[in-house]
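Asks: Structure incoming, see below.
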Amino acid sequence: MDLEALRDRVFAHPDNAAVLAWLEAQPSDPLKPGTNGYGYDEGAGAFFWEWGRRVPEDAKFDLSYHHLMIHPVAARIFAFQHGRFTFVLRRDWERAGKVPDEDARVGYTLDSSVDFSDLGDPWCLLNGKVDEGDEEDELLWAWELAGRDP
């Protein structure tokens, strides 16, 4: 996989603009295959290898020091980690059987109180807003949704 070409496509995709701005990511930031957090970030293990274990490996990336899940064909970001234990996903609301909720992006995580309201729909906190035990399904559904045309 050509990581530089994928990074360029990720930055060019309009659906990614709000997340990339939130993360203060730059087009020159290196994109690398996802790691386990370099030994200091326990949350990356849960994000990539526990809850995200059913998501294909070629969708797990590090952009600079940020952990992201990106559909490699569509170049659409569908989940990211902020801090150590705050996870946000582009939720497939229809498949989850829920209606998008204004409070879906505001809550408390092990990191602190968080507010991702600026991201708008379809974004949702993965931890704290998705029913416990459903994280694997939700991330897989988000990957599937990210691969569909808008």
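Okay, so the sequence shown: first residue is 529 according to this note's numbering, each after it adds one. The beta carbon of each residue, even a glycine, is placed where N, CA and C say it ideally should be.
With which residues is Arg-618 paired in a DSSP beta bridge?
Replies: Trp-651
Asks: Helix, strand or coil, according to DSSP, for Gly-562 in the structure here?
Replies: Residue state, collapsed to three classes: coil.
Asks: Got a sec? Which residues, its chain only, sit under 6 Å from Pro-628 by beta carbon, not counting five neighbours each side?
Replies: Trp-621 and Asp-649
Asks: State the Cα-Cα distance for the pair Ser-641 and Leu-668, rounded to the nearest angstrom.
Replies: 26 Å
Asks: For His-610, list the residues DSSP reports as bridge partners.
Replies: Thr-614
Asks: How far does the alpha helix (DSSP H) with Leu-673 in it extend, from its first residue to its last?
Replies: 663-674
Asks: What is the residue span of the alpha helix (DSSP H) that Asp-536 lies within?
Replies: 531-540
Asks: For Lys-588, is the classification buried or exposed, using 16 other Cβ atoms within 10 angstroms of its Cβ as the cut-off for buried?
Replies: buried
Asks: Quick one: Cα of Gln-609 to Cα of Phe-615, how far?
Replies: 5 Å
Asks: Span of the alpha helix (DSSP H) holding Leu-548?
Replies: 545-550
Asks: Based on the DSSP output, what are the partners of Lys-588 in its beta bridges?
Replies: Bridge partners of Lys-588: Met-597.
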